[in-house]
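Here the protein sequences come in this chain order: A and B.
Mind the numbering: the first sequence is residues 2 to 91 in this note's numbering, read in order.
Mind the numbering: the second sequence is residues 50 to 343 in this note's numbering, read in order.
All C-beta atoms in this analysis are idealised placements derived from N, C-alpha and C, irrespective of residue type, glycine included.
Since we're looking at a predicted model, the values are computed, not measured.
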Amino acid sequence: MTTTQTSTDMICGIIREELGLPEGAVAPSTTIRDLPELQSVQYLRIIAKIERRFDVELEDDLVFGIATIEDLGRAVDGLRAETSSLEGPR
Amino acid sequence: MSAISTTGQSIGSPTNPSPPRLATNHHYDVDPRIFELFMDSTMKYSCGLYLRPDDTLEQAQRQKLAFIAEQLDIKRGSRVLDVGCGWGSLLFYLAEHHDCEVVGLTLSPVQVAYLEKKAAQLGLSHKVSWQLVQLVEATFPAGSFDAIAFVGTSVHMPDKRRLLAHAHKLCRLRGRVYLSDSMYRCESIRERFELAPGTAFLRDEVFGWGEVVTLSEYIRCFEDARFSLTSLTDLTAHFARTVDHWRANMMKNREEIESISPGMTDRFFRYFETINAAWGYTSKQYAIVATKQR
Chain A
2 MTTTQTSTDM ICGIIREELG LPEGAVAPST TIRDLPELQS VQYLRIIAKI ERRFDVELED
62 DLVFGIATIE DLGRAVDGLR AETSSLEGPR
Chain B
50 MSAISTTGQS IGSPTNPSPP RLATNHHYDV DPRIFELFMD STMKYSCGLY LRPDDTLEQA
110 QRQKLAFIAE QLDIKRGSRV LDVGCGWGSL LFYLAEHHDC EVVGLTLSPV QVAYLEKKAA
170 QLGLSHKVSW QLVQLVEATF PAGSFDAIAF VGTSVHMPDK RRLLAHAHKL CRLRGRVYLS
230 DSMYRCESIR ERFELAPGTA FLRDEVFGWG EVVTLSEYIR CFEDARFSLT SLTDLTAHFA
290 RTVDHWRANM MKNREEIESI SPGMTDRFFR YFETINAAWG YTSKQYAIVA TKQR
């Protein structure tokens, strides 16, 4: 990423925005599914937003497992690294 | 390094080929001159696509190559992997017509020698390349290809589930996979005919190794690999016509083929007769297209 914001920070932002939570309400170590009153529809909307924002497709194990925000950030970085290594003259 | 299928059968490695792997080559390592004497100039050894009643074999094969390119959503410069590239019909077509960078996989050293010569003749050596390796042992980075094709070749590859999982990994997001092959008409037919003499003749004597499954099994493997299914085409009647054309060409060139390899024509005739009797009764030819997307 060229910005100083990490993927994990951006995912925190996406979650706060989707759930209408204040700054500091979620942290990298937060397990998304443990967030109070999170409904499964909201959860899938969060995942879809992350995938669209980073143009990746996350593994089912991660999507349907128990992941922290940091886990998702790491997965996103890994997938983006794979893609960028292939970019070049076509 | 040895790859193990779900059935526990070793399928060998490039440096230490196992018996099934060598067996698969026993058909494809046959002198290419024989194939040239019954196929058309594309050297495409799979089902054509007949659009008019009087289409020639060559027209049908060129139409089929265009169909594959369309189904794969090929764009100018797309990066394509052809799994089981044979004598290069799809490699050369995509490089020539769509300026693609194409990598072919084959296990046949005879085909590699043929490909090298043909690429040089066509002036396409900079666009096409090949590796003597099976897909599950190929070491391309994840997301390397815009499109992946299996044109009548997955039948020779064990463990379709693992095969398509690997294809999913090598495919970029929103990239496509095209797979056409012979399949059992349904599961009960498979149970009844898997051990039949005609099946054994084709699998063991003609091709050396193969594993035919049903369409539903392929679809399950695509789903389990997390692909979305994009299209399904029934090509059964097209394959019967293709085989009729091959058979007629072989009749015409019988003497020349026999002079290269005595006894070869009768063997091929029996093979053509067996598969053309089976279409629609025990076997089908389907093309499946899947996309790596949600």
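Out of B:R290, B:K209, B:L212, B:R316, state which residue places its alpha-carbon closest to the alpha-carbon of B:D253.
B:R316
Hey, would you say B:D230 sits closer than 9 Å to B:S203, going by beta carbons?
yes
DSSP puts A:C13 in a beta bridge; with which residues?
Bridge partners of A:C13: none, in fact.
Tell me the rounded alpha-carbon separation between B:M88 and B:S280.
28 Å
Which of helix, strand or coil DSSP assigns to B:W136:
coil
Helix, strand or coil at B:W179 according to DSSP, with G and I counted as helix:
strand
With DSSP run on the structure shown, which of helix, strand or coil describes A:S86?
coil
Label B:A249 either buried or exposed according to how many other C-beta atoms from any shown protein chain fall within 10 Å of its C-beta, with 16 as the threshold for buried.
exposed
Reference B:S90; option with closest CA among B:A109, B:D148, B:L213, B:V79:
B:A109
Below 8 Å, how does it come out for the stretch 319-330 of chain B and the stretch 284-291 of chain B: are there three or more Cβ pairs, yes or no?
yes
Under 9 Å between beta-carbons, which chain A residues line up against B:R82? List them in chain order, please.
Ordered by position in chain A, no residue passes the 9 Å Cβ test against B:R82, which lies about 37 Å from the chain.
What are the boundary residues of the beta strand (DSSP E) that includes B:S231?
220-233
Would the beta-carbon of B:G201 fall within 9 Å of that of B:S95?
yes
In its own chain, which residues sit with a C-beta less than 7 Å from the C-beta of B:R111, not counting the 5 before and 5 after it?
T91
For B:P102, the nearest candidate out of B:E322, B:H294, B:I309, B:M300 (CA to CA):
B:H294
Does B:S178 get closer than 9 Å to chain D when you measure Cβ to Cβ?
In the structure shown, chain D does not exist; the protein chains are A and B.
Going by beta-carbon coordinates alone, are B:G133 and B:M206 separated by less than 9 Å?
yes
Can you tell me whether B:E150 is helix, strand or coil according to DSSP?
strand
Out of B:L164, B:Q342, B:D195, state which residue places its alpha-carbon closest to the alpha-carbon of B:E272.
B:Q342
In chain order, which continuous runs of the alpha helix (DSSP H) of length 4 or greater are located wholly inside the stretch 249-333 of chain B?
264-273, 285-301, 303-309, 313-327
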